[in-house]
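Novice: In the UniProt record's numbering, the protein residues as written are 1 to 630. Let me give you the structure first, and then I'll get to my questions.
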């Protein structure tokens, strides 16, 4: 009986180890994948490690992550240890009160703590950046150190320090030579927990940072919005760093014990190899971060702050622009136009924004943008006519197009009959032949566009009755079709042919079709959303001259080609668009890359606040209906 229990226990332990470590092994294997897919291994390559090393964002994030973690660990360990020792000598009322205060951050949801820190820094007008991230990390690490040290202190004889002083020790000697050595295991475990929590933190860091300062968690979160296998490479690097540190912490003491080391300060030296390894990494990252600065360039020493969508720039454009101008580019990323709007409305200063059409209209209406100085721009004549002079900015007084495209249907040619698409258009999302085999994109605007177009209405309708009819159409879609509502995971999922069809942006369909020849892209005859994202300069921009220079660079051939070929979205530069789509181009003959032009039923979104609120509320109800249908 006991033997069978032990066998069962071993099997259970093995399954737990597999459960925990198999995803990590999977990630490490795919970090050496030659293709962009995160699910299909196409061959061994160091391509993504090279991309990681060449990425200024990732190397700066590596430096920020471990420098903040080491500093926060050092400060929180000292403060937490001294506080714990002091409490042991305090009155019970004070001790109990401080313990309760210390436990509060541990039990609080991280989002509450994050918002609290953010409001604190805003209230005292502390500019968010590296310092605010470090202060926040120190603050939330201290409770973990105290939690680790206090049990060790409680286990000590309370008269130990007094006995040491009776034997001639000074108070400092009693602390450092008697108390601290006895509680060193608790201090070390507290420091390790603090370090781990700091490296791992995302939510608090996300809310307290600014000026382009990002740790690895924020960078990985941003990269995960689009297919980017560098996620695997940078995550593998972190695993390797942590593994080396753990091996050093555990193996070095054993080796020293075997050699019968004499000194009594051995435990303190256990941390030195790990700290040394991390210090080497930080120095290397710091050298990389500070390197490459030339001289006598037009914007030497100046800083350009850009607020753009995540994974929306090419591999080399930022680095090349910095080398050419001598400027430093600080890139921050947003997930939605609304997130970007909140920061701008709250006075956050950026030099360039890249919002979508309807949001540009709103920013113009609310006087958040400055007019472009066209005497400083030489790029407008290089752009596609179809994406200039759009309704939200008829004379391009405020905006220069960045990417553009359409919203259509990506479909598996082996599962979906083209005749069905031609006959039903967006109505195919109600065709029960494809029940359970459909993706809907989690975008209120584009989903309602699809429903309105399927019903024969304008996607810019202000009729509440028509919008409610579109709502009923979408509810029917999610309830009868068992539709899965997704965001950018549709890209890799459709590239792997996991469902028959889905609503998708043309740029994402371009990647899908380049990865899987069985995939197609269809634009329904009832029309679609002709969208455009463009570069604009806010009124509170601190460096508009440099902003104009970047707009020129990003719109010129080299910058535009790098952007478009890497991201997959259609370039606004006519020559780049034709070269990438044409013979020998990166997306040769892939029809999703070339937007439909001059089709009268295709529309550009027009901003209307009342309509936006109505659609937003109804979309929330659609998603609830989808959850209930599962």
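We put the beta carbon where it would ideally sit given N, CA and C, even for glycine.
In three-state DSSP terms, what is residue 483?
Specialist: In the chain shown, residue 483 corresponds to position 483, counting from 1. Three-state result, residue 483: coil.
Novice: Which same chain residues, not among the five before or five after residue 8, have their C-beta less than 7 Å away from its C-beta?
Specialist: By one-based count along the chain shown, residue 8 stands at place 8. Excluding residues within five positions, none has a Cβ falling inside 7 Å.
Novice: When we look at the beta-carbon of residue 154 and count the other beta-carbons within 10 Å, is it buried (16 or more) or exposed?
Specialist: In the chain shown, residue 154 corresponds to position 154, counting from 1. Exposed, because fewer than 16 other Cβ atoms sit within 10 Å of the Cβ of residue 154.
Novice: In the DSSP output, what is residue 603 paired with across the bridge?
Specialist: Here residue 603 refers to the residue found at position 603 of the chain shown. In DSSP, residue 603 forms a bridge with 529.
Novice: If we count the other Cβ atoms within 10 Å of its Cβ and call it buried at 16 or more, is residue 84 buried or exposed?
Specialist: Numbered from its first residue, the chain shown carries residue 84 at position 84. Counting Cβ neighbours within 10 Å, residue 84 comes out buried, since at least 16 surround it.
Novice: Assign residue 50 to buried or exposed, taking buried as 16 or more other Cβ atoms, counted over all protein chains shown, within 10 Å of its Cβ.
Specialist: Position 50 of the chain shown, counting from 1, holds the residue named residue 50. Exposed, since its Cβ has fewer than 16 Cβ neighbours within 10 Å.
Novice: How long is the line joining the alpha carbons of residue 419 and residue 430, rounded to whole angstroms?
Specialist: Along the chain shown, one-based indexing puts residue 419 at 419. Along the chain shown, one-based indexing puts residue 430 at 430. Whole-angstrom Cα-Cα distance: 15 Å.
Novice: Is it true that the CB of residue 137 sits closer than 8 Å to the CB of residue 200?
Specialist: Start at 1 with the first residue of the chain shown, and residue 200 comes out as number 200. Start at 1 with the first residue of the chain shown, and residue 137 comes out as number 137. Contact: no.
Novice: Can you look up residue 336 in the DSSP assignment and give me helix, strand or coil?
Specialist: Counting from 1 along the chain shown, the entry for residue 336 is found at position 336. Coil at residue 336, not helix or strand.
Novice: Tell me which residue opens and which closes the beta strand (DSSP E) that residue 165 is part of.
Specialist: The residue labelled residue 165 in the question sits at position 165 within the chain shown. Taken as a continuous stretch (DSSP letters only), residue 165 belongs to no beta strand (DSSP E), being part of the alpha helix (DSSP H) at 160-166.
Novice: Would you identify the three-state DSSP class for residue 305, choosing helix, strand or coil?
Specialist: Position 305 of the chain shown, counted from the start, is the residue given in the question as residue 305. If DSSP states are grouped into helix, strand and coil, residue 305 belongs with the strands.
Novice: Kindly indicate the opening and closing residues of the alpha helix (DSSP H) around residue 519.
Specialist: On the chain shown, position 519 is the one that residue 519 refers to. It is not in any alpha helix (DSSP H) - residue 519 instead sits in the beta strand (DSSP E) that spans 519-522.
Novice: Can you tell me whether residue 170 is buried or exposed, with buried defined as 16 or more other CB within 10 angstroms of its CB?
Specialist: What you label residue 170 is simply residue 170 of the chain shown in a count that begins at 1. It is exposed - the Cβ of residue 170 has fewer than 16 other Cβ atoms within 10 Å.
Novice: Go ahead and label residue 80 buried or exposed: buried means 16 or more other beta carbons lie within 10 angstroms of its beta carbon, across all protein chains shown.
Specialist: Residue 80 sits at position 80 when you count from the first residue of the chain shown. Buried is the call here.
Novice: Using 8 Å as the Cβ pair cut-off and three pairs as the minimum, do the stretch 300-318 and the stretch 204-223 touch?
Specialist: Yes, since at least three Cβ pairs between the stretch 300-318 and the stretch 204-223 fall closer than 8 Å, the two stretches touch.
Novice: Residue 421: which of 188, 501, 599 and 449 sits nearest, CA to CA?
Specialist: Stepping through the chain shown from its first residue, residue 421 is reached at position 421. Of 188, 501, 599 and 449, the residue nearest in Cα terms is 501.
Novice: Using the beta-carbon count (16 or more within 10 Å), is residue 290 buried or exposed?
Specialist: In the chain shown, residue 290 corresponds to position 290, counting from 1. Here the model assigns residue 290 a pLDDT of 47, short of 50, so the residue's position is not dependable, and the following value carries that caveat. So residue 290 counts as exposed.
Novice: Can you give me the C-alpha to C-alpha distance between residue 466 and residue 437, rounded to a whole angstrom?
Specialist: Here the question's residue 466 lines up with position 466 in the chain shown. Here the question's residue 437 lines up with position 437 in the chain shown. About 27 Å.
Novice: Assuming residue 334 and residue 569 form a contact by the criterion Cβ under 8 Å, report the distance between their Cβ atoms to the nearest whole angstrom.
Specialist: In the chain shown, counting from the first residue as 1, residue 334 sits at position 334. In the chain shown, counting from the first residue as 1, residue 569 sits at position 569. That pair is no contact at about 16 Å.
Novice: Expressed to the nearest angstrom, what Euclidean distance is found between the alpha-carbon atoms of residue 548 and residue 512?
Specialist: Against the chain shown, residue 548 aligns to sequence position 548. Against the chain shown, residue 512 aligns to sequence position 512. When rounded, the distance between both Cα atoms is 34 Å.
Novice: With distance defined between alpha-carbon atoms, name the residue in 510, 551 and 536 nearest to residue 590.
Specialist: Within the chain shown, numbered from 1, the residue matching residue 590 stands at position 590. The option with the nearest alpha carbon to residue 590 is 510.
Novice: What does DSSP give as the partner residue(s) for residue 356 in the beta ladder?
Specialist: Position 356 of the chain shown, counted from the start, is the residue given in the question as residue 356. Paired residue(s): 533.
Novice: What's the gap between the Cα of residue 131 and the Cα of residue 67?
Specialist: Taking the chain shown and counting its residues from 1, the one referred to as residue 131 is at position 131. Taking the chain shown and counting its residues from 1, the one referred to as residue 67 is at position 67. Cα-Cα distance, rounded: 11 Å.
Novice: I believe residue 110 touches residue 203 by the beta-carbon criterion, under 8 Å. Please report the beta-carbon distance rounded to the nearest angstrom.
Specialist: Residue numbering aside, residue 110 sits at position 110 when the chain shown is read from its first letter. Residue numbering aside, residue 203 sits at position 203 when the chain shown is read from its first letter. Rounded, the Cβ-Cβ distance is 4 Å, consistent with contact.
Novice: Enumerate in chain order the residues of its own chain whose CB-to-CB distance from residue 527 is below 6 Å, with the five nearest sequence positions on each side excluded.
Specialist: Numbered from its first residue, the chain shown carries residue 527 at position 527. Here the set comprises 453, 601 and 602.
Novice: So, residue 537 versus residue 351, is the Cβ gap smaller than 8 Å?
Specialist: Residue 537 sits at position 537 when you count from the first residue of the chain shown. Residue 351 sits at position 351 when you count from the first residue of the chain shown. Yes. Within cutoff.
Novice: Assess, as a yes-or-no matter, whether the stretch 112-128 is touched by the stretch 186-200 under the definition of 3 or more beta carbon pairs within less than 8 Å.
Specialist: No: the two stretches stay apart, fewer than three of their Cβ pairs being nearer than 8 Å.
Novice: Any idea which residues DSSP pairs residue 328 with across the strands?
Specialist: Counting from 1 along the chain shown, the entry for residue 328 is found at position 328. DSSP lists 303 as partners of residue 328.
Novice: Go ahead and label residue 472 buried or exposed: buried means 16 or more other beta carbons lie within 10 angstroms of its beta carbon, across all protein chains shown.
Specialist: On the chain shown, residue 472 is found 472 positions in, with the first residue counted as 1. Burial call: exposed.
Novice: Thinking just about the alpha-carbon of each residue, which of 580, 503, 565 and 592 is nearest to the one in residue 517?
Specialist: Numbered from its first residue, the chain shown carries residue 517 at position 517. Cα-wise, what sits closest to residue 517 is 592.
Novice: Enumerate in chain order the residues of its own chain whose CB-to-CB distance from residue 409 is below 6 Å, with the five nearest sequence positions on each side excluded.
Specialist: Stepping through the chain shown from its first residue, residue 409 is reached at position 409. 501 and 522.
Novice: Give a yes or no on whether the C-beta atoms belonging to residue 62 and residue 216 are separated by under 8 Å.
Specialist: In the chain shown, residue 62 corresponds to position 62, counting from 1. In the chain shown, residue 216 corresponds to position 216, counting from 1. Contact: yes.
Novice: Using the C-alpha atoms, what's the distance from residue 187 back to residue 149?
Specialist: The sequence position of residue 149 within the chain shown is 149, counting from 1. The sequence position of residue 187 within the chain shown is 187, counting from 1. Computed Cα separation, rounded: 6 Å.
Novice: May I have the straight-line CA-CA distance separating residue 554 from residue 70, to the nearest angstrom?
Specialist: Taking the chain shown and counting its residues from 1, one reaches residue 554 at position 554. Taking the chain shown and counting its residues from 1, one reaches residue 70 at position 70. Rounded to whole angstroms, residue 554 to residue 70 spans 38 Å at the Cα level.
Novice: What does the Cβ neighbour count give for residue 229, buried or exposed, with the cut at 16 atoms within 10 Å?
Specialist: As a first step, residue 229 is located in the chain shown; it is residue number 229 there, counting from the start. Looking at its Cβ environment, which holds 16 or more other Cβ atoms inside 10 Å, residue 229 is buried.
Novice: Going by the beta-carbon positions, is the gap between residue 220 and residue 205 smaller than 8 Å?
Specialist: Counted from its first residue, the chain shown places residue 220 at position 220. Counted from its first residue, the chain shown places residue 205 at position 205. No, the pair does not count as a contact, with Cβ atoms beyond the cut-off.
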